[in-house]
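Asks: Last residue of the sequence shown: 549 (the numbering used here), numbering continuous.
For every residue, glycine included, the Cβ atom is placed at its ideal position computed from N, Cα and C.
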Amino acid sequence: MLSNSVLSTRMTPRHHTLRERAMACLTPQWLERWRTAPGGHIRKDAWQDLASQGLTGASLPAEHGGQGLGLLGALVLGEALAQVGDGGLALGMHVQNEIACDWLVSSGDAALRDRYLPGLVAGTLVACQCDTDPSADEPTTARTEGDEVVVHGRKKFVVNGANADLCFVSVRLDGEPAIVLVDKNTPGVRVREVYDKFGTRAIDSALVEFDRTRVPASQVVSRRGLSQLMRWNRVMSRMRFLIAADAFFTHRTLLAHIVGHSTARELGGRPLASWPVNEHALARARADQELMEAGLTECFLRLTEGGSTVPEIAELKWFCVERTTELAGLATDLEGGAGYMWDSVALRAHAQVRGFRMSGGSQTTMLTVANHSMACRAELDAPALAAAPGRRRG
Ligand SMILES: Cc1cc2nc3c(=O)[nH]c(=O)nc-3n(C[C@H](O)[C@H](O)[C@H](O)COP(=O)(O)OP(=O)(O)OC[C@H]3O[C@@H](n4cnc5c(N)ncnc54)[C@H](O)[C@@H]3O)c2cc1C
156 MLSNSVLSTR
166 MTPRHHTLRE
176 RAMACLTPQW
186 LERWRTAPGG
196 HIRKDAWQDL
206 ASQGLTGASL
216 PAEHGGQGLG
226 LLGALVLGEA
236 LAQVGDGGLA
246 LGMHVQNEIA
256 CDWLVSSGDA
266 ALRDRYLPGL
276 VAGTLVACQC
286 DTDPSADEPT
296 TARTEGDEVV
306 VHGRKKFVVN
316 GANADLCFVS
326 VRLDGEPAIV
336 LVDKNTPGVR
346 VREVYDKFGT
356 RAIDSALVEF
366 DRTRVPASQV
376 VSRRGLSQLM
386 RWNRVMSRMR
396 FLIAADAFFT
406 HRTLLAHIVG
416 HSTARELGGR
426 PLASWPVNEH
436 ALARARADQE
446 LMEAGLTECF
456 LRLTEGGSTV
466 PEIAELKWFC
476 VERTTELAGL
486 ATDLEGGAGY
496 MWDSVALRAH
506 AQVRGFRMSG
516 GSQTTMLTVA
526 NHSMACRAEL
536 DAPALAAAPG
546 RRRG
């Protein structure tokens, strides 16, 4: 994808250097070296190794200590991360580099930025984004008490939750949505559980509890109103875009694998891939890959050069993840009995994509976001359409 006619022209020599470094470092062997145990998640000191290899702060502007390589830098990393064969590391990196750094930069608070950004770039600090409440009836709340806020609640399935030093917690602050930065060392913060997952195992996922945790009011990095909504949408749209790209890279690898397998495997006197039922399915997967690439390129331009992003990227994440899930199912079947064994390439890809379905918001949520936004837009467009009979919406 990075070699297509739109993105390749935007690749600078520094993007190419990042790509070479990332491709050389981010291998299955690297992952094995930094896991807590075989099949476990990465150790905390792995982040310092990533930093020493120049793989952190890629998109962060240079004036804030980053590499200033923008969203394209994050995409370059995403492609290399797909090599490790586990989607978890990509999710952890997106949270650290895109979400946490963005909250700090856009907070406009120089003291907070100076205190935390250098550690995130150096890998001495790890961050997590705490969003998912146990249920709608158990929201995480915060209330202002003098010059402090008191955070109370639990967040589940939090990527980097166990390793993290910094938690960016979405709360109802005095009844309004806000993001509060909580240092993990603060009294009342506890990791209640580290989940044993099906896929994305390279990164920890944890249940994090905040029990009447007091933090300075200056650590409210975003609060209420339109600005909170816009910043939330910006952060989540970048995250969803990168997850869509992760799905695309998984799809590309998986398609190459299964075409290779089903071309080599002869059944009934011809290659498995040549039986019409499979030929059609594989042709469709190739078409899906091209559609994904077109969608990613279009949304990349929206994110970097302007335009509506929220519904388009929700749709993109839905499409890329849905189609990759479908291909994982097909590829698992085409592997036959081997597709049921733990070391099956297709089954392992399946496990990663299951994680992509929920992270950054579920597939159902993507459809809901896209539907609501498109419906609102149609309503806003309606008077203009009525005033210009015969005009068709493009
Ligand atoms: C790999 C992975 C990484 C994650 N990373 C993070 C993270 O870093 N931080 C974090 O806070 N959370 C994270 N999550 C959690 C994730 O955001 C949630 O799992 C997801 O939003 C769904 O919420 P839930 O698990 O509470 O399911 P539920 O809310 O119980 O939903 C279950 C299903 O029902 C669907 N559903 C919900 N409401 C409706 C409705 N009205 N109509 C129809 N369908 C509906 C949902 O879309 C979902 O498919 C992660 C999850 C995974 C698997």
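1) Can you check which of these residues, D401, P273, E460, is closest to G240 by C-alpha distance?
2) Is DSSP giving H170 helix, strand or coil here?
3) Who does H307 pair with in a DSSP beta bridge?
4) List the endpoints of the continuous beta strand (DSSP E) containing D366.
5) Can you have a look at T459 and say buried or exposed, based on whether 16 or more other CB atoms are within 10 angstroms of its CB?
6) Have a look at K339, K310, L381, F403 and flag the residue whose alpha-carbon is nearest the alpha-carbon of S360.
7) Quick one: grab the DSSP three-state call for S499.
8) Let's see if you can read the secondary structure: which residues bound the alpha helix (DSSP H) around D204?
9) Could you check if D257 belongs to the surroundings of ligand 1, using beta carbon to heavy atom distance under 8 Å?
10) If you measure between the beta carbons of C283 and L224, is that distance less than 9 Å?
11) Let me check you understand the geometry: is the CB of D204 closer than 8 Å to at least one non-hydrogen atom of ligand 1?
12) Under the assumption that E253 contacts L397 (Cβ atoms under 8 Å), give the Cβ distance between them as a whole number of angstroms.
13) Taking only runs of the beta strand (DSSP E) that begin and end inside the stretch 380 to 466, which ones reach a length of at least 3 residues, in chain order?
14) Pull up the CB-CB distance for N315 and V250, whole angstroms please, since I reckon it's below 8 Å.
15) Between the C-alpha atoms of G343 and E218, what's the straight-line distance to the nearest angstrom?
16) Buried or exposed, going by whether 16 or more other CB atoms sit within 10 Å of the CB of L186?
17) I need the DSSP call for A282, collapsed to helix, strand or coil.
18) Going along the chain, which residues of its own chain have a beta-carbon closer than 6 Å to the beta-carbon of G515, five neighbours each way excluded?
19) State the start and end residues of the unbroken beta strand (DSSP E) segment that holds E348.
20) According to the Cβ coordinates, are D364 and G308 closer than 9 Å?
21) Kindly list the residues whose CB is nearer than 6 Å to the CB of I413, restricted to its own chain and excluding five residues on each side of it in sequence; keep chain order.
22) Whose C-alpha, out of V476, D351, Q208, P371, is nearest the C-alpha of A266?
23) If you count every other CB in all the chains shown that lies within 10 Å of the CB of E470, and 16 or more means buried, which is it?
Replies: According to the data block:
1) The count along the sequence shown starts at 1 and reaches residue 240 at position 85. Selected option, being the one with the closest Cα: D401.
2) For the purposes of this step, residue 170 is taken as residue 15 along the sequence shown, with counting starting at 1. It is helical.
3) Numbered from 1 along the sequence shown, position 152 holds the residue referred to as residue 307. Answer is T296.
4) On the sequence shown, residue 366 is found 211 positions in, with the first residue counted as 1. From DSSP, the beta strand (DSSP E) with D366 extends over 360 to 371.
5) The sequence position of residue 459 within the sequence shown is 304, counting from 1. Counting Cβ neighbours within 10 Å, T459 comes out exposed, since fewer than 16 surround it.
6) For this step, residue 360 is matched to residue 205 along the sequence shown. Checking every option, the nearest Cα to that of S360 belongs to K310.
7) As a first step, residue 499 must be located in the sequence shown, where it is residue number 344. Coil at S499, not helix or strand.
8) In the sequence shown, residue 204 corresponds to position 49, counting from 1. 201 to 207 is the extent of the alpha helix (DSSP H) around D204.
9) Position 102 of the sequence shown holds residue 257. No, the Cβ of D257 stays beyond 8 Å of every heavy atom of ligand 1.
10) One-based indexing of the sequence shown puts residue 283 at position 128. One-based indexing of the sequence shown puts residue 224 at position 69. No. Outside cutoff.
11) Within the sequence shown, the letter at position 49 stands for residue 204. Outside the cutoff, so no.
12) Counting from one through the sequence shown, the residue named residue 253 turns up at place 98. Counting from one through the sequence shown, the residue named residue 397 turns up at place 242. Right, their Cβ atoms sit about 7 Å apart.
13) none
14) Here residue 315 refers to the residue found at position 160 when the sequence shown is read from its first residue. Here residue 250 refers to the residue found at position 95 when the sequence shown is read from its first residue. Yes, they are in contact, since the Cβ atoms of N315 and V250 sit about 6 Å apart, within 8 Å.
15) Taking the first residue of the sequence shown as 1, we reach residue 343 at position 188. Taking the first residue of the sequence shown as 1, we reach residue 218 at position 63. Between G343 and E218, the C-alpha separation is close to 35 Å.
16) As a position in the sequence shown, residue 186 is number 31, starting the count at 1. By the 10 Å Cβ count, L186 comes out buried.
17) Numbered from 1 along the sequence shown, position 127 holds the residue referred to as residue 282. A282: strand per DSSP, three-state reduction.
18) Along the sequence shown, read from residue 1 onward, the residue named residue 515 stands at position 360. Counting only Cβ-Cβ distances below 6 Å, and skipping sequence neighbours, we find M394, R395, I398.
19) Stepping through the sequence shown from its first residue, residue 348 is reached at position 193. First-last of the beta strand (DSSP E) with E348: 344 to 349.
20) Position 209 of the sequence shown holds residue 364. Position 153 of the sequence shown holds residue 308. Note on residue identity: the sequence assigns Glu, not Asp, to residue 364. Yes, Cβ-Cβ distance for E364 and G308 is below 9 Å.
21) For the purposes of this step, residue 413 is taken as the residue at position 258 of the sequence shown. Within the same chain, I413 has close Cβ partners A486, L489.
22) The residue given as residue 266 occupies position 111 in the sequence shown. Looking at the Cα atoms, P371 is the closest of the given residues.
23) Numbered from its first residue, the sequence shown carries residue 470 at position 315. Buried.
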